[in-house]
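Have a look at the structure below before the remarks.
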Amino acid sequence: MHAQVRLCREKSSTTVYAMKKLKKSEMLRRGQVEHVKAERNLLAEVDSNCIVKLYCSFQDEKYLYLIMEYLPGGDMMTLLMRKDTLTEDESRFYVGQCVLAIESIHKHNYIHRDIKPDNLLLDKNGHMKLSDFGLCKPLDCSNLPALQEYDQSGDIGRDPADPRQYRSASPLPRRTQQEQLLHWQRNRRMLAYSTVGTPDYIAPEVLLKKGYGMECDWWSLGAIMYEMLVGYPPFYSDEPMTTCRKIVNWRNNLKFPDEAKLTPEAKDLISRLLCDVEHRLGTRGVAEIKNHPWFKNHGLPWDKLYEMDAAFKPEVKDELDTQNFEKFEEVWHPSYTTQSIYYCRLEVMLCRAIPRYHHPQDQDHGERCCRQRT
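Once you know that position 331 of the sequence shown is 331 in full-length UniProt numbering, the rest is easy, because the numbers rise by one and skip nothing.
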């Protein structure tokens, strides 16, 4: 197990924190030392109400520890499991907060690369914050067979700048929306906290190993928005490699089920996020996303999103409440192999006491750290 998240209470102040515990030997084995350093440095640098706060970090011989704020509202993955789908107004609120979170890390020239519902945490008031920066690559692409886009010769005459024209390019899925939703939720529960994961939110340029930039995070946003409104990701399949192939051939596979009853504006925004980099909204700045009619026509107050009431207010009994986090057993899915997908298993556990720490400045590295008091 690479990482754990424990719920802890600091003795002197009785403040509750989330303590992320990372095994050094696993970080070295997976070549993730730089990713973990990037997460620590970003969280220490960025001061935003859209991002989970890092208070301090320390280490011993075996582990690195990150002391972070605890958000008892759960995560978007659990909310979607319990609600199936969100209305467009509800989705607009959370997609909007996700836009602000992505914007805040892009301002610091950082690419998340692993944005998915699991990493969108909710505070006690239901406001969303982005977490899990750089701890693990969403997909170990070096072990994947070469992926290629299908021959698009049959698409001659189509306008490549309009991704919406490809919505019905292939036959409709055999499952109904409800059947696909139930199938996704069953597998999602199995895979969410296992040693493997799903590539459903990864941009095609990442899978194709073409090199990628900040635009890949906006693709992930489109996939999450689709899941909020439809109930499952846009390229979901039983097999991860089939999902990867669907993603890189998104022109033939992006479809909207009629039963979902999405508005034209919602379909348009998703289509302009789930498309090639050159035409993807966000490539030329976040303003083109914020000004899209799905937001603009409904007067979303961007500067007050974290001041207004959230779309959902989670039930939180006390500061140690973990009821809003789904409980998972570690399981193995026969369709997935360690050669294709690598995810960190994160486990919510309860630890009521940790030693007291102070927070001296580390002059050599210019970073905030904390050490045990003697």
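We treat Cβ as the ideally placed atom computed from N, Cα and C, and that holds for glycine.
Legend entry - Terminal residues of the beta strand (DSSP E) in which residue 376 lies: Any property of residue 376 remains undetermined from this structure, which presents the chain solely from 1 to 374.
Inset, instruction - Look at I51 and M214 and say whether their C-beta atoms are less than 8 Å apart. - result: If you number the sequence shown from 1, residue 51 lands on position 51. If you number the sequence shown from 1, residue 214 lands on position 214. In this structure, M214 does not lie closer than 8 Å to I51 by Cβ.
Legend entry - R280 to K11 span [Cα, whole Å]: Working through the sequence shown from its first residue, we reach residue 280 at position 280. Working through the sequence shown from its first residue, we reach residue 11 at position 11. Put simply, the backbone Cα of R280 is about 49 Å away from that of K11.
Legend entry - Helix, strand or coil at I270 [DSSP, three-state]: One-based indexing of the sequence shown puts residue 270 at position 270. Secondary structure of I270 (DSSP, three-state): helix.
Inset, instruction - Please classify A101: is it buried, with 16 or more other beta-carbons within 10 angstroms of its beta-carbon, or exposed? - result: What you label residue 101 is simply residue 101 of the sequence shown in a count that begins at 1. That one is buried.
Legend entry - Sequence ranges, alpha helix (DSSP H) only - wholly within the stretch 28 to 93, length at least 4: Listed in chain order, the alpha helix (DSSP H) elements of length 4 or more contained wholly in the stretch 28 to 93 are 33 to 45 and 76 to 83.
Inset, instruction - Kindly confirm or deny that the stretch 290 to 302 and the stretch 227 to 242 touch, where touching means at least three C-beta pairs closer than 8 Å. - result: No, they do not touch.
Inset, instruction - Drop a sphere of 10 angstroms on the beta-carbon of G73, count the other beta-carbons inside from all chains shown, and report buried for 16 or more, exposed for fewer. - result: Reading the sequence shown from its first residue, position 73 is the one you call residue 73. The residue is buried, with at least 16 neighbouring Cβ atoms inside 10 Å.
Legend entry - Where Y110 sits in the DSSP three-state scheme: Along the sequence shown, one-based indexing puts residue 110 at 110. Three-state DSSP puts Y110 in coil, outside helix and strand.
Inset, instruction - Sort T243, N109, I247 and R92 by Cα distance to V46 and report the nearest one. - result: Within the sequence shown, residue 46 is the residue found at index 46, counting from 1. Taking only the C-alpha atoms, the option nearest V46 is N109.
Inset, instruction - Apply the 10 Å Cβ neighbour rule to N297 and answer buried if 16 or more other Cβ atoms are within range, or exposed otherwise. - result: The sequence position of residue 297 within the sequence shown is 297, counting from 1. The residue is exposed, with fewer than 16 neighbouring Cβ atoms inside 10 Å.
Inset, instruction - Evaluate S237 with the Cβ neighbour count: other Cβ atoms within 10 Å of its Cβ, from every protein chain shown; 16 or more gives buried, anything less gives exposed. - result: The residue labelled residue 237 in the question sits at position 237 within the sequence shown. With at least 16 other beta carbons inside 10 angstroms of its own, S237 counts as buried.
Inset, instruction - In the DSSP assignment, find the beta strand (DSSP E) that holds Y17 and state where it starts and stops. - result: Taking the sequence shown and counting its residues from 1, the one referred to as residue 17 is at position 17. Residues V16 to K23.
Inset, instruction - Flag this pair as yes or no: are the beta carbons of A223 and L269 separated by less than 8 Å? - result: By one-based count along the sequence shown, residue 223 stands at place 223. By one-based count along the sequence shown, residue 269 stands at place 269. In this structure, the beta-carbon distance from A223 to L269 does not fall below 8 Å.
Inset, instruction - Mark S13 as exposed unless 16 or more other C-beta atoms lie within 10 angstroms of its C-beta, in which case mark it buried. - result: One-based indexing of the sequence shown puts residue 13 at position 13. Its Cβ having fewer than 16 others within 10 Å, S13 is exposed.
Legend entry - Nearest-angstrom Cβ-Cβ length linking L71 and L122, presumed shorter than 8 Å: On the sequence shown, residue 71 is found 71 positions in, with the first residue counted as 1. On the sequence shown, residue 122 is found 122 positions in, with the first residue counted as 1. Their Cβ separation, rounded to whole angstroms, is 6 Å, which keeps L71 and L122 in contact under 8 Å.
Inset, instruction - State the DSSP-derived secondary structure class of L100, mapped to helix, strand or coil. - result: Here residue 100 refers to the residue found at position 100 of the sequence shown. L100 carries a helical assignment under DSSP once its states are collapsed to helix, strand and coil.
Inset, instruction - Determine, using beta-carbon pairs with one atom in the stretch 84 to 96 and one in the stretch 29 to 43, whether at least three such pairs fall under 8 Å. - result: Verdict: no, contact absent.
Inset, instruction - Could you tell me which of M241, T283 and D60 sits nearest to C216, measuring between CA atoms? - result: In the sequence shown, the residue the question calls residue 216 occupies position 216. Minimum Cα distance to C216 is reached at T283.
Legend entry - Three CB pairs or more closer than 8 Å across the stretch 200 to 208 and the stretch 235 to 254: Contact holds: three or more Cβ-Cβ distances are below 8 Å.
Inset, instruction - Give the straight-line distance between the Cα atoms of R167 and E319, rounded to the nearest whole angstrom. - result: Looking up residue 167 in the sequence shown gives position 167. Looking up residue 319 in the sequence shown gives position 319. Confidence in R167 is poor, its pLDDT being 40 and thus under 50, which makes the residue's placement unreliable; the coordinate value appears in the next sentence. If I take the Cα positions, the gap works out to 46 Å.
Inset, instruction - Can you check DSSP and say which residues form a bridge with M128? - result: Along the sequence shown, read from residue 1 onward, the residue named residue 128 stands at position 128. In the DSSP assignment, M128 forms a beta bridge with L122.
Inset, instruction - Taking the CB atoms as reference points, tell me whether Y65 and M19 lie closer together than 8 Å. - result: Locating residue 65 in the sequence shown gives position 65, where the first residue counts as 1. Locating residue 19 in the sequence shown gives position 19, where the first residue counts as 1. Contact flag set, yes.
Legend entry - Extent of the continuous alpha helix (DSSP H) run through V206: For the purposes of this step, residue 206 is identified with residue 206 of the sequence shown, where counting begins at 1. Counted as a single uninterrupted DSSP element, the alpha helix (DSSP H) harbouring V206 occupies residues P204 to L207.
Inset, instruction - Measure the alpha-carbon distance for R40 versus D75 and round it to whole angstroms. - result: Within the sequence shown, numbered from 1, the residue matching residue 40 stands at position 40. Within the sequence shown, numbered from 1, the residue matching residue 75 stands at position 75. About 21 Å.
Inset, instruction - Give me the Cα-Cα distance between L262 and V5, rounded to the nearest whole angstrom. - result: Stepping through the sequence shown from its first residue, residue 262 is reached at position 262. Stepping through the sequence shown from its first residue, residue 5 is reached at position 5. Spanning the two alpha carbons is a distance of roughly 37 Å.
Inset, instruction - Mind checking which residues open and close the alpha helix (DSSP H) that includes K246? - result: Walking along the sequence shown from the start, residue 246 turns up at place 246. In this chain, the alpha helix (DSSP H) harbouring K246 covers P240 to V248.
Legend entry - Presumed contact (8 Å Cβ cut-off) between K124 and V316, rounded CB distance: The residue you call residue 124 lines up with position 124 of the sequence shown. The residue you call residue 316 lines up with position 316 of the sequence shown. The Cβ separation is near 5 Å, so the contact holds.
Legend entry - Whole-Å CB distance - M27 paired with V36, under 8 Å assumed: Mapped onto the sequence shown, residue 27 falls at position 27. Mapped onto the sequence shown, residue 36 falls at position 36. Confirmed, about 6 Å.
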